[in-house]
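Beneath this line is the structure, given in structure tokens, with notes to follow.
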Amino acid sequence: MLDATACSFAELRSLIDSSLDSLLGGSLLDEGHLHGSEVTRAVRYAMFSGGKRTRPTLTLLGVQACGGDLQKAVPAACAIECLHCASLIFDDMPCMDNAPERRGVASAHVMFGEGMAVLAALALLNRAYSLFGQQRALAMEAGTCVAEIIEGQAIDLQGRRERLNRKTRGLMRLSLTAGAIACGAMEADILVLARCGEYVGEAYQMYDDFEDGDATSKSGADELVAESKAALQDRFGARGFPLLTAIDAIVAHFNVSHSNERIVVAA
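Take the sequence shown: its letter number 234 is residue 263 in our numbering, and every next letter is one higher.
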């Protein structure tokens with residue numbers, strides 16, 4: 030059994046990168062029809078253009094907190110990153126946020142064209158669902174998350190603000206729980222991870238709002254983070270320490286960033 034306690038954050042990210050490279054190294058269809066195609070190049074461009082792998086790393090740390098087998102959770106972590114990357118491609122499209130850059134390089138639709146970018150995002154969603162679908166409970170949770178992402182984006186397009194950010198909250202909840210679900214963790218462990226994922230996801234957005242000028246949001250975000258950490262510590266004790274450290278790193282990134290160097294919620 031691969032032990033997360035013996036792995037540094039950098040080693041976990043390396044494990045995720047190598048697993049994604051293997052997963053996406055050739056075709057995106059089992060039959061291999063897309064091997065070497067333009068859509069495969071678009072997928073790999075979007076996937077390996079500088080992402081920090083924050084969410085799949087949290088997936089593996091959630092497994093460690095539950096005392097599960099890290100290796101069994103790697104497919105779920107890869108699925109999280111495929112889903113996340115697909116959502117970024119869609120977010121950047123001219124019909125959505127119209128962002129010409131992502132992570133300091135040209136967005137997928139700028140580099141490959143809008144049509145190819147859409148196909149790349151669909152290919153990543155297809156791969157994510159094939160991985161999530163290996164376990165019914167995980168597939169159902171992933172479906173709930175994607176529904177929240179879609180609804181949240183629809184609210185953004187309508188120019189409305191919502192009290193709770195569905196996109197960020199749903200994906201962070203799935204990130205913390207996916208590995209634990211895949212490993213058959215106790216329901217009580219999964220519920221704590223789910224609640225903390227929602228709190229951290231909401232705090233993530235509130236810190237971003239604070240940097241955009243909402244002066245009241247930082248204290249609320251700090252409270253949510255504190256509640257999340259307390260719940261993790263109460264439930265998991267020392268096993269949850271790496272996850273607590275990762276949450277601290279997310280918060281620290283916000284606290285030292287500047288308005289022109291913000292951590293982007295969808296980064």
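Where is the CB? At the ideal position from N, CA and C, for every residue including glycine.
query: At a cut-off of 7 Å, is GLY181 close to the ligand MN when judged by its beta-carbon and the heavy atoms of the ligand?
result: The ligand MN is not among the ligands present in this structure, which contains no ligands whatsoever.
- request: Excluding the 5 residues preceding and the 5 following ARG307 in the sequence, name in chain order all residues of the same chain whose CB lies nearer than 6 Å to its CB.
  value: Residue 307 is absent from the model: the chain starts at 30 and stops at 296.
message: Please give the ranges of any alpha helix (DSSP H) in the region 216-290, keeping only runs that are unbroken, at least 4 residues long and fully inside the region.
response: 216-240, 246-265 and 270-285
message: Excluding the 5 residues flanking LEU41 on each side, which residues of the same chain have their C-beta closer than 6 Å to its C-beta?
response: Taking the first residue of the sequence shown as position 1, residue 41 is located at position 12. Excluding positions up to five away in sequence, the list reads THR86 and LEU89.
- request: Inspect the beta-carbon positions of LEU160 and CYS107 and report whether they are closer than 8 Å.
  value: Within the sequence shown, residue 160 is the residue found at index 131, counting from 1. Within the sequence shown, residue 107 is the residue found at index 78, counting from 1. Yes, Cβ-Cβ distance for LEU160 and CYS107 is below 8 Å.
- request: Please confirm whether VAL103 and LEU154 have their CB atoms less than 8 Å apart.
  value: Working through the sequence shown from its first residue, we reach residue 103 at position 74. Working through the sequence shown from its first residue, we reach residue 154 at position 125. Not in contact: VAL103 and LEU154 (Cβ atoms no closer than 8 Å).
- prompt: Contact check, ASP46 vs ARG70 under 8 Å by CB: the rounded distance?
  reply: Taking the sequence shown and counting its residues from 1, one reaches residue 46 at position 17. Taking the sequence shown and counting its residues from 1, one reaches residue 70 at position 41. Rounded, the Cβ-Cβ distance is 18 Å, inconsistent with contact.
query: Where PRO129 and ASP121 are concerned, what is the direct C-alpha to C-alpha distance, given to the nearest angstrom?
result: Along the sequence shown, read from residue 1 onward, the residue named residue 129 stands at position 100. Along the sequence shown, read from residue 1 onward, the residue named residue 121 stands at position 92. Straight-line Cα distance between these residues: approximately 7 Å.
query: Quick one, which of ALA255, TYR236 and LEU148 has its alpha-carbon nearest LYS247's?
result: Within the sequence shown, the letter at position 218 stands for residue 247. Looking at the Cα atoms, TYR236 is the closest of the given residues.
- request: Just mark ASN194 as buried or exposed, buried being the case when its beta carbon has 16 or more other beta carbons within 10 Å.
  value: Position 165 of the sequence shown, counted from the first residue, corresponds to residue 194. So ASN194 counts as buried.
- prompt: How would you call MET169, buried or exposed, if buried means at least 16 neighbouring beta carbons within 10 angstroms?
  reply: Counted from its first residue, the sequence shown places residue 169 at position 140. Flag for MET169 reads exposed.
- prompt: What's the C-alpha gap between GLU216 and ALA209?
  reply: If you number the sequence shown from 1, residue 216 lands on position 187. If you number the sequence shown from 1, residue 209 lands on position 180. About 9 Å.
Where ALA128 falls: helix, strand or coil (DSSP): Start at 1 with the first residue of the sequence shown, and residue 128 comes out as number 99. ALA128: coil per DSSP, three-state reduction.
Rounded Cβ spacing between VAL72 and LEU53 (contact assumed at less than 8 Å): In the sequence shown, residue 72 corresponds to position 43, counting from 1. In the sequence shown, residue 53 corresponds to position 24, counting from 1. Yes, VAL72 and LEU53 are in contact; Cβ-Cβ is about 6 Å, under 8 Å.
message: Judging by CA-CA distance, which residue of LEU148, LEU205 and ALA275 is the nearest neighbour of ALA39?
response: For the purposes of this step, residue 39 is taken as the residue at position 10 of the sequence shown. Nearest C-alpha to ALA39: ALA275.
- prompt: How would you write the range of the alpha helix (DSSP H) that ASN194 sits in, first residue to last?
  reply: Here residue 194 is taken as the residue at index 165 of the sequence shown, counted from 1. Going by DSSP, ASN194 is part of no alpha helix (DSSP H) at all; its letter is neither H nor E.
message: For a test of the three-state rule: what should DSSP assign to ALA152, helix, strand or coil?
response: Indexing the sequence shown from 1 puts residue 152 at position 123. ALA152: helix per DSSP, three-state reduction.
- request: Just confirm the distance between the C-beta atoms of ILE178 and SER257, as a whole number of angstroms; I'd bet it's less than 8 Å.
  value: What you label residue 178 is simply residue 149 of the sequence shown in a count that begins at 1. What you label residue 257 is simply residue 228 of the sequence shown in a count that begins at 1. The Cβ separation is near 21 Å, so there is no contact.
query: I think CYS95 touches ALA214, with their Cβ atoms under 8 Å apart; what is that distance to the nearest whole Å?
result: Along the sequence shown, one-based indexing puts residue 95 at 66. Along the sequence shown, one-based indexing puts residue 214 at 185. Contact holds; Cβ gap of about 4 Å.
- prompt: Between the C-alpha atoms of LEU63 and MET140, what's the straight-line distance to the nearest angstrom?
  reply: One-based indexing of the sequence shown puts residue 63 at position 34. One-based indexing of the sequence shown puts residue 140 at position 111. Bear in mind that the predicted position of LEU63 carries a pLDDT of just 48, short of 50, making it too unreliable to give a figure here.
field: C-alpha distance - GLU143 paired with PHE270, whole-angstrom precision
entry: On the sequence shown, residue 143 is found 114 positions in, with the first residue counted as 1. On the sequence shown, residue 270 is found 241 positions in, with the first residue counted as 1. Cα to Cα, GLU143 sits roughly 43 Å from PHE270.
message: Quick check on this structure: which residue in LEU261, VAL92, GLN234 and ARG264 has the alpha carbon closest to the alpha carbon of ALA250?
response: Numbered from its first residue, the sequence shown carries residue 250 at position 221. Cα-wise, what sits closest to ALA250 is GLN234.
query: Buried or exposed: ASP238, going by 16 or more other Cβ atoms within 10 Å of its Cβ?
result: What you label residue 238 is simply residue 209 of the sequence shown in a count that begins at 1. When all chains shown are included, ASP238 counts as buried.
message: On the CB-based measure, 16 or more other CB atoms within 10 Å of its CB, does PHE119 come out buried or exposed?
response: For the purposes of this step, residue 119 is taken as the residue at position 90 of the sequence shown. By the beta-carbon neighbour count (other beta carbons within 10 angstroms, threshold 16), PHE119 is buried.
- request: Using three-state DSSP, classify ALA135 as helix, strand or coil.
  value: By 1-based counting over the sequence shown, the position of residue 135 is 106. Residue state, collapsed to three classes: strand.
message: Using a Cβ-Cβ cutoff of less than 7 Å, which residues in the same chain neighbour LEU148 once the five nearest sequence positions on both sides are dropped?
response: Along the sequence shown, one-based indexing puts residue 148 at 119. These residues qualify, in order along the chain: VAL68.
query: What did DSSP end up calling CYS95 once you bin it into helix, strand or coil?
result: Counting from 1 along the sequence shown, the entry for residue 95 is found at position 66. Note: CYS95 maps to helix in three-state DSSP.
Cα-Cα separation, MET125 to VAL175: Counted from its first residue, the sequence shown places residue 125 at position 96. Counted from its first residue, the sequence shown places residue 175 at position 146. Distance between the alpha carbons of MET125 and VAL175: 16 Å.
- prompt: What are the boundary residues of the alpha helix (DSSP H) that LEU49 is part of?
  reply: For the purposes of this step, residue 49 is taken as the residue at position 20 of the sequence shown. First-last of the alpha helix (DSSP H) with LEU49: 38-52.
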